[in-house]
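What follows is a single structure, written as structure tokens, with notes after it.
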Amino acid sequence: MNEIQNDDQTPEQRVAGAMTGYSKEIGALSAFRLESCIHCGMCADACHYYIATEDPQYTPIWKVEPFKQAYKREASAFAPVFRWFGLKRAVTAEQLAQWQHLLFDSCNMCGRCSLICPIGIDVAALIEQARHAMFDAGLAPAELYTKAEHQQRTGQPEASVEPYREQLLAIGAQFGVAMPLDETEVDVMLCVPRTDIDKYPSAVAALGRVMQHLGVKHTFRSDALIAENYGYYSGGQEWQRAISLRLIEQAIACRAKVLLIPECGHAYTALRWEAADLYGKALPFQVMAVTEYLAIALHEGRLRLGKADIGSVSFQDPCQLDRKGGAGEAPRALMKAMGVDLHEMQNNRGFSFCCGGGGGVVDIERAAPLRYRTMEVKMREIDVTNSDSFLTGCSDCRNTFDDAQRHFGWNKTPQSLLELVATSLVPASDPL
Amino acid sequence: MDLLSFARGPALKIAMGVFFVGVFWRIVSFMLLRIRREYSRPRASLLRYVSIGLFATASRSWPHPQFIKRTGAGEALGYSYHMGLFAIILAYGPHIAFLGGLLGFTWPGLPSSVITGIAVVTATLFAGVLYRRVTSPVMRMISNFDDYFTWFITMLVLLTGLATSAHLGARYETLLAIHILSVDALLIWFPFGKLMHAFYIMPSRALNGAILARKGAAT
Chain A
1 MNEIQNDDQT
11 PEQRVAGAMT
21 GYSKEIGALS
31 AFRLESCIHC
41 GMCADACHYY
51 IATEDPQYTP
61 IWKVEPFKQA
71 YKREASAFAP
81 VFRWFGLKRA
91 VTAEQLAQWQ
101 HLLFDSCNMC
111 GRCSLICPIG
121 IDVAALIEQA
131 RHAMFDAGLA
141 PAELYTKAEH
151 QQRTGQPEAS
161 VEPYREQLLA
171 IGAQFGVAMP
181 LDETEVDVML
191 CVPRTDIDKY
201 PSAVAALGRV
211 MQHLGVKHTF
221 RSDALIAENY
231 GYYSGGQEWQ
241 RAISLRLIEQ
251 AIACRAKVLL
261 IPECGHAYTA
271 LRWEAADLYG
281 KALPFQVMAV
291 TEYLAIALHE
301 GRLRLGKADI
311 GSVSFQDPCQ
321 LDRKGGAGEA
331 PRALMKAMGV
341 DLHEMQNNRG
351 FSFCCGGGGG
361 VVDIERAAPL
371 RYRTMEVKMR
381 EIDVTNSDSF
391 LTGCSDCRNT
401 FDDAQRHFGW
411 NKTPQSLLEL
421 VATSLVPASD
431 PL
Chain B
1001 MDLLSFARGP
1011 ALKIAMGVFF
1021 VGVFWRIVSF
1031 MLLRIRREYS
1041 RPRASLLRYV
1051 SIGLFATASR
1061 SWPHPQFIKR
1071 TGAGEALGYS
1081 YHMGLFAIIL
1091 AYGPHIAFLG
1101 GLLGFTWPGL
1111 PSSVITGIAV
1121 VTATLFAGVL
1131 YRRVTSPVMR
1141 MISNFDDYFT
1151 WFITMLVLLT
1161 GLATSAHLGA
1171 RYETLLAIHI
1181 LSVDALLIWF
1191 PFGKLMHAFY
1201 IMPSRALNGA
1211 ILARKGAAT
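If you read the sequences in order, they're chains A and B. Read in this note's numbering, the first sequence has 215 at position 215, and its numbers run on one by one without any break. Each number in this note's numbering comes from the position in the second sequence (counting from 1) with 1000 added on.
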């Protein structure tokens, strides 16, 4: 249990409440998904945790086993029979505690398992729902729980020496890029990954630079600067909603037509696909990934790109943007316009392996040894492309690969696609 | 009433009653649960994502090239015995006569010798399915009573059918009665276990495919 979770309930009471809540809230679609599974086990063959370890506990559908048990006992067609005859036992606190490792430490919520199922079950959606119940049971990992709690309360996942607002302005001054703040009547509202502010300020500057190049009226908002959503990672739906609402309200306040998601895959899922559902109605603005937005500007002739001097490149498709988000062609259009010599990995676009850090796993300290094992699958794929360097469109991927570089002494440095775009801009006054 | 009359009389009627009511309730029970509305702006048009969902009913029958090395053998085994079962149920003369009695029309079948050959191959493949389930660490871990009992009852129908057509081990009437009783048992078990995937597989592929396609996601 989370030591920080503070209520009068015992762990057993909390787990019982969470499982009853799960069964009541499950909904027709998830029930259908649970009902349809034929236990073929093929989802294991899509999961990098199983591929790297061959440990059957990492079979994706096994990760929701206690929740299947709770559903059958509480809400399925023959639930009374299962209960009366003791055919399905109530899920226990000990059982669920064991599953914390499977649902958080060893799942990036990457969705690759959903592509292999012969029944067509979206296993990743079931795992995401199971994380909600784990959170309600007080079983979200402490790293994710504390960051989510801090973010829903303050807007940023952790306290910082200087407020992010000041850091953003300092980055603007350092790189000579305007960082409009708290303006209204804008075309585009921007936010940034906290990872970029902390580790990759050049990526923040690149975002400002490309917006400046496009000449659209844009702004950051002091009260909604951070793109990541630790409520989403931790399974805390109410906090996910609160964190999303902060951005939604600010986008409405500045009358933005577009809320632009920077290079951050999970922020894209949280805002593009889940925020409106949590908001309870359609959003009065568009949510777009920065690569999508730039690809449209390129197509319309507003984004002018010259040749990039980068040599051969492989590209890490962020799972949430491509496989789960459908935005996989945009980065390729940008790379093509810059004349990038792209060496695709064996598994690319929708079939790409996760970097290993997604789903909040990179934040969970105890998960690091297993994460490094799974990352070797991905690193091998990158190595065999024989590319000079590799790009990604997600700061979490970048951060995870940077960590791998340090851990393995790997000779590859991940680079930001957005930064490459920013360095390849051709002013309107110059010929292409 | 002799055993055969019982098997194809009251026992069959009860089994079919359980089958129809059970299947109906199993489907209706989750449809009564909450259906969430999607408020996010779809990437694809309604026509496009519904079409992709419908296409997924066929495309998910064949593994994506990225997975085929790991899952090809398992899928081949699975689809092979399913095809065998379909052939036996739908192309064997006595089965056609039985189904024709229920539906009011019949169709041409395959010679009995061919069906017997298919049944032997199917039973062998089906034994392979059990072997795989108990020897694969993944499948062994995720398997439960439903998986083993469903396998047992399906194999029972298959073997009693083979014994009946070959007049093996007892009087034909006794063998036929046992075979029909095994079918009755299968029909009674059907709504309670994984045999329900017969009704779920196509809607599942279509629905999940359409939901993913709505986002422009990989299907």
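Where a beta carbon is used, it is the ideal one built from N, C-alpha and C, also for glycine. Being a predicted model, the structure only gives us computed values, none of them experimental.
Backbone secondary structure at residue i - three-state DSSP
{"i": "V426 (chain A)", "result": "coil"}
{"i": "V1018 (chain B)", "result": "helix"}
{"i": "K1215 (chain B)", "result": "coil"}
{"i": "S1080 (chain B)", "result": "helix"}
{"i": "Q316 (chain A)", "result": "strand"}
{"i": "F390 (chain A)", "result": "strand"}
{"i": "L1033 (chain B)", "result": "coil"}
{"i": "S1005 (chain B)", "result": "helix"}
{"i": "L19 (chain A)", "result": "Here residue 19 (chain A) is Met; the residue named in the question, Leu, does not match the sequence. Helix at M19 (chain A)."}
{"i": "D182 (chain A)", "result": "coil"}
{"i": "V64 (chain A)", "result": "helix"}
{"i": "M211 (chain A)", "result": "helix"}
{"i": "L1110 (chain B)", "result": "strand"}
{"i": "S1182 (chain B)", "result": "helix"}
{"i": "I127 (chain A)", "result": "helix"}
{"i": "P201 (chain A)", "result": "helix"}
{"i": "E3 (chain A)", "result": "For E3 (chain A), the predicted structure reports a pLDDT of 49, less than 50, and the residue's modelled location is therefore unreliable. The matter cannot be settled from this model."}
{"i": "I248 (chain A)", "result": "helix"}
{"i": "D341 (chain A)", "result": "strand"}
{"i": "L283 (chain A)", "result": "coil"}
{"i": "Y1200 (chain B)", "result": "helix"}
Nearest candidate by alpha-carbon position, reference residue i, set the options
{"i": "V421 (chain A)", "options": "A:I116, A:S202, A:A170, A:N108", "result": "A:S202"}
{"i": "R246 (chain A)", "options": "A:T219, A:V258, A:Y279", "result": "A:Y279"}
{"i": "T184 (chain A)", "options": "A:Q151, A:T219, A:Y200", "result": "A:T219"}
{"i": "V313 (chain A)", "options": "A:M19, A:M335, A:C319", "result": "A:M335"}
{"i": "V1018 (chain B)", "options": "B:V1183, B:Y1200, B:G1209", "result": "B:V1183"}
{"i": "A227 (chain A)", "options": "A:G235, A:A137, A:L214, A:R272", "result": "A:R272"}
{"i": "D277 (chain A)", "options": "A:E300, A:A289, A:Q240, A:C264", "result": "A:Q240"}
{"i": "E344 (chain A)", "options": "A:G176, A:F315, A:S234, A:S424", "result": "A:F315"}
{"i": "I38 (chain A)", "options": "B:M1139, B:V1114, B:A1185", "result": "B:M1139"}
{"i": "F285 (chain A)", "options": "A:L294, A:I252, A:K199, A:A18", "result": "A:I252"}
{"i": "E238 (chain A)", "options": "A:D341, A:A148, A:C107, A:R373", "result": "A:A148"}
{"i": "M1155 (chain B)", "options": "B:S1029, B:R1026, B:I1088", "result": "B:I1088"}
{"i": "T423 (chain A)", "options": "A:F135, A:G27, A:Q212, A:P141", "result": "A:Q212"}
{"i": "A368 (chain A)", "options": "A:M338, A:G350, A:A327, A:Y49", "result": "A:Y49"}
{"i": "I119 (chain A)", "options": "B:L1032, B:H1197, B:L1181, B:T1122", "result": "B:H1197"}
{"i": "D136 (chain A)", "options": "A:G235, A:Q57, A:Y58, A:L169", "result": "A:G235"}
Neighbourhood of residue i by C-beta, 6 Å cutoff - its chain only, sequence neighbours within 5 removed
{"i": "P60 (chain A)", "result": "C43, C47, C113, V123"}
{"i": "P1010 (chain B)", "result": "none"}
{"i": "V186 (chain A)", "result": "K217, H218, T219, C254, A256"}
{"i": "E3 (chain A)", "result": "With a pLDDT of 49 at E3 (chain A), under the threshold of 50, the predicted position of this residue should be treated as unreliable, and no value is reported."}
{"i": "E942 (chain B)", "result": "Since the first and last residues shown for chain B are 1001 and 1219, residue 942 (chain B) lies out of range."}
{"i": "M375 (chain A)", "result": "G356, A404"}
{"i": "L1012 (chain B)", "result": "D1184"}
Endpoints, beta strand (DSSP E) assigned at residue i
{"i": "A289 (chain A)", "result": "286 to 289"}
{"i": "T219 (chain A)", "result": "218 to 220"}
{"i": "Q446 (chain A)", "result": "There is no way to answer for residue 446 (chain A), as the model of chain A reaches only from 1 to 432."}
{"i": "L260 (chain A)", "result": "258 to 261"}
{"i": "L190 (chain A)", "result": "188 to 190"}
Residues of its chain near residue i, where Cβ-Cβ distance is below 8 Å and the 5 sequence neighbours each way are ignored
{"i": "V434 (chain A)", "result": "An answer regarding residue 434 (chain A) cannot be provided, because it is not within the stretch 1 to 432 covered by chain A."}
Nearest-angstrom beta carbon gap, residue j and residue i [assumed within contact, 8 Å]
{"i": "G111 (chain A)", "j": "K257 (chain A)", "result": "So it is not a contact: roughly 29 Å between Cβ atoms."}
{"i": "R302 (chain A)", "j": "L207 (chain A)", "result": "With a Cβ gap of about 16 Å, R302 (chain A) and L207 (chain A) do not count as contacting."}
{"i": "Y22 (chain A)", "j": "A70 (chain A)", "result": "6 Å"}
{"i": "G1109 (chain B)", "j": "G1093 (chain B)", "result": "5 Å"}
{"i": "P262 (chain A)", "j": "V287 (chain A)", "result": "The pair is not a contact, with the Cβ atoms about 12 Å apart (cut-off 8 Å)."}
{"i": "C319 (chain A)", "j": "G265 (chain A)", "result": "6 Å"}
{"i": "Q174 (chain A)", "j": "I197 (chain A)", "result": "12 Å between Cβ atoms; not a contact."}
Residue i - containing alpha helix (DSSP H), residue span
{"i": "L139 (chain A)", "result": "Segment: none, L139 (chain A) is in no alpha helix (DSSP H) and carries neither H nor E."}
{"i": "V81 (chain A)", "result": "79 to 84"}
{"i": "V377 (chain A)", "result": "368 to 383"}
{"i": "L1046 (chain B)", "result": "1046 to 1059"}
{"i": "L34 (chain A)", "result": "27 to 36"}
{"i": "A97 (chain A)", "result": "93 to 100"}
{"i": "G356 (chain A)", "result": "Segment: none, G356 (chain A) is in no alpha helix (DSSP H) and carries neither H nor E."}
{"i": "D105 (chain A)", "result": "Here D105 (chain A) belongs to no alpha helix (DSSP H), and DSSP marks it neither H nor E."}
{"i": "E54 (chain A)", "result": "Premise fails: E54 (chain A) is in no alpha helix (DSSP H) and is neither H nor E."}
Any non-hydrogen atom of the ligand SAM within 6 Å of residue i CB
{"i": "H1095 (chain B)", "result": "Ligands in the displayed structure: none, and consequently the ligand SAM is not present."}
Cβ shell of residue i (< 7 Å), same chain only, five flanking positions each side left out
{"i": "K1194 (chain B)", "result": "D1146, D1147, T1150"}
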